[in-house]
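Below is one structure, written out as structure tokens; comments come after it.
There are 2 protein chains.
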Amino acid sequence: MSTCEIPNTAQPQVMTARSRVMRFHAGAGPAEPHTWQGVPVTAYKPPSDDHCGVNRAVLAGETGEHTAFHVRYFEVAPGGHTTLEHHVHEHVVIVLRGRGEVRLGDSIHPLDYGDAVYVAPDEVHQLRNLDASEPFGFLCMVDARRDKPNMASTSK
Amino acid sequence: MSTCEIPNTAQPQVMTARSRVMRFHAGAGPAEPHTWQGVPVTAYKPPSDDHCGVNRAVLAGETGEHTAFHVRYFEVAPGGHTTLEHHVHEHVVIVLRGRGEVRLGDSIHPLDYGDAVYVAPDEVHQLRNLDASEPFGFLCMVDARRDKPNMASTSK
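Read top to bottom, the protein sequences are chains W and D. Okay, so the first sequence: first residue is 123 according to the numbering used here, each after it adds one. Okay, so the second sequence: first residue is 123 according to the numbering used here, each after it adds one.
Laid out in structure tokens, this is it:
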């Protein structure tokens, strides 16, 4: 499987969430994502030139929870990156796998395990995998009610 | 330092948050918590009989962010536990260090690295460190606007 072929195992939503434990399984090697039992891994967005090799798993917020936030886990394949974009809603990111970099406005910052990022409103940002063999995985928390992202040009 | 003596390095809040990277530092040994650069480690609550050995670090939500949620990291010392409590607001927990267990209603579930927990509204819950030497650390996301916890009895 190339880095841009993304498994889609989406399942129907349930409308009322009960307390639960989601068991973690660490991905072994670049072809296997980190997963949580019962949590489907889906494509981030339809394939496009502006992002590449991004999977996501929604741990909470889309399966009957009433939280004002969503907890997602994104995994970017070697050579992959998220869209360069901006939006009013904020991000809180925490790295769980591999190493990468984040662009915040005009600055680029390397990221390693455990590093956390706060992305302020309207900040142009992008996450990129810097490793040739290991996926770059991170939690990303956002408001449940949020605006749609706008693609950004590199000149902003 | 005993497991119930908690360093308090709280700092004044700032009112406007800018994008930032918070560098992670892994704690080495039971006396050193996991930390993030610029994020103070504080006591969870004033010392009490109903919880023991719990530190917290607030990664986002109390320093000028406008998120509808807070991202906190709690670390429970060996032999420690959080309060047995319930409240309307939900929790999303993700384990980052050590191993422990969570009580959800009348059920107790072991937790290891990476495991995630969703705590539904009004669920009686408690987190407990099961390891004799390693702290039990976990992220805990909550709504920014939330009700106060109520202590629970074991008979509920």
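The beta-carbon is built from N, C-alpha and C at its ideal position, and this holds for glycine as well.
Residue i: which of the options sits nearest, CA to CA?
{"i": "D/E105", "options": "D/I216, D/E212, D/V210", "result": "This structure cannot speak to residue 105 of chain D, because chain D is shown only from 123 to 278."}
{"i": "D/D244", "options": "D/G201, D/E256, D/R225, D/A165", "result": "D/R225"}
{"i": "D/E256", "options": "D/T205, D/Y235, D/V143", "result": "D/Y235"}
{"i": "W/D228", "options": "W/V246, W/R219, W/P152", "result": "W/V246"}
{"i": "D/G202", "options": "D/R219, D/G183, D/G175", "result": "D/G175"}
{"i": "D/H208", "options": "D/A139, D/T189, D/S275", "result": "D/S275"}
{"i": "W/H188", "options": "W/A139, W/L206, W/V214, W/C262", "result": "W/A139"}
{"i": "D/R221", "options": "D/F258, D/D172, D/E154, D/N272", "result": "D/F258"}
{"i": "D/A153", "options": "D/L252, D/P200, D/N251", "result": "D/P200"}
{"i": "D/L261", "options": "D/G151, D/Q248, D/V214, D/H231", "result": "D/V214"}
{"i": "D/S141", "options": "W/M273, W/Q248, W/L218, W/P271", "result": "W/Q248"}
Leaving out the 5 sequence neighbours to the left and right, which residues in its chain are closer than 8 Å to residue i when beta-carbon positions are compared?
{"i": "D/T157", "result": "F146, H147, G149, V163, A179"}
{"i": "W/V210", "result": "P243, D244, R268, D269"}
{"i": "W/E212", "result": "Y240, V241, A242, P243, V264, D265"}
{"i": "D/Y166", "result": "I128, H173, V176, N177, R178, F196, T204"}
Any C-beta of chain D sitting closer than 8 Å to the C-beta of residue i?
{"i": "W/F260", "result": "no"}
{"i": "W/F196", "result": "no"}
{"i": "W/G222", "result": "no"}
{"i": "W/E256", "result": "no"}
{"i": "W/R178", "result": "no"}
{"i": "W/A199", "result": "no"}
{"i": "W/R107", "result": "What is shown of chain W runs 123 to 278, which leaves residue 107 of chain W out entirely."}
With residue i as the anchor, note down where its beta strand (DSSP E) starts and where it stops.
{"i": "D/A284", "result": "Residue 284 of chain D lies beyond the residue range present for chain D, which begins at 123 and ends at 278; the question has no answer from this structure."}
{"i": "D/Q159", "result": "No beta strand (DSSP E) holds D/Q159; DSSP gives it neither H nor E."}
{"i": "W/V264", "result": "258–265"}
{"i": "D/M137", "result": "Here D/M137 belongs to no beta strand (DSSP E), and DSSP marks it neither H nor E."}
{"i": "W/R194", "result": "191–203"}
{"i": "D/P232", "result": "229–233"}
{"i": "W/A252", "result": "Correcting the residue type first, residue 252 of chain W is Leu in the shown sequence and not Ala. First-last for W/L252: undefined, no H or E at that position."}
{"i": "W/Y240", "result": "238–241"}
{"i": "D/G222", "result": "222–226"}
{"i": "D/R219", "result": "213–219"}
Ignore the nearest five residues each way along the sequence and tell me which others in residue i's own chain have a CB closer than 7 Å to its CB.
{"i": "D/M137", "result": "G186"}
{"i": "D/M144", "result": "W158, Q159, G160, V161, L181"}
{"i": "D/S124", "result": "Only weak support exists for where D/S124 lies, its pLDDT of 39 falling under 50; the value from the coordinates is given anyway. Hits under 7 Å: none found."}
{"i": "W/P129", "result": "For W/P129, the pLDDT reaches just 48, beneath the cut-off of 50, and the residue's location in the model is therefore unreliable, leaving the point undetermined."}
Please confirm whether residue i has its beta-carbon closer than 8 Å to some beta-carbon of chain W.
{"i": "D/D253", "result": "no"}
{"i": "D/I230", "result": "no"}
{"i": "D/D265", "result": "yes"}
{"i": "D/D269", "result": "no"}
{"i": "D/D172", "result": "no"}
{"i": "D/L249", "result": "no"}
{"i": "D/I128", "result": "Because D/I128 carries a pLDDT of 44, less than 50, the predicted location of this residue cannot be relied on, and no value is offered for it."}
{"i": "D/K278", "result": "Residue confidence for D/K278 is low, a pLDDT of 42 falling below 50, so the modelled location carries little weight; the figure read from the coordinates is stated next. Not an interface residue."}
Starting from residue i, find everything on chain D with Cβ-Cβ shorter than 9 Å and list it in chain order.
{"i": "W/V163", "result": "Here the premise fails: no neighbours, minimum Cβ distance about 14 Å."}
{"i": "W/A274", "result": "Per Cβ cutoff of 9 Å: no residues; W/A274 is ~14 Å from chain D at best."}
{"i": "W/Y235", "result": "F146, A148"}
Just the chain D side, please: which residues come within less than 8 Å of residue i by C-beta, in chain order?
{"i": "W/P243", "result": "H188"}
Keeping to the same chain, check which residues put their C-beta closer than 6 Å to that of residue i; ignore five residues upstream and five downstream.
{"i": "W/A238", "result": "I216"}
{"i": "D/R250", "result": "H203, G222, E223"}
Which residues of chain W have a Cβ atom closer than 9 Å to the Cβ of residue i, listed in chain order?
{"i": "D/E207", "result": "Within chain W, no residue comes near D/E207; the closest Cβ sits about 14 Å away, beyond 9 Å."}
{"i": "D/G151", "result": "Within 9 Å Cβ-Cβ: nothing; D/G151 doesn't reach chain W, min ~17 Å."}
Could you list which residues in chain W have their beta carbon closer than 8 Å to that of residue i, in chain order?
{"i": "D/R225", "result": "Near D/R225 there are no residues of chain W at all, since even the closest Cβ is about 10 Å away, more than 8 Å."}
Starting from the beta carbon of residue i, find every residue of chain D whose beta carbon is closer than 7 Å, and list them in chain order.
{"i": "W/E212", "result": "E187, H188, T189"}
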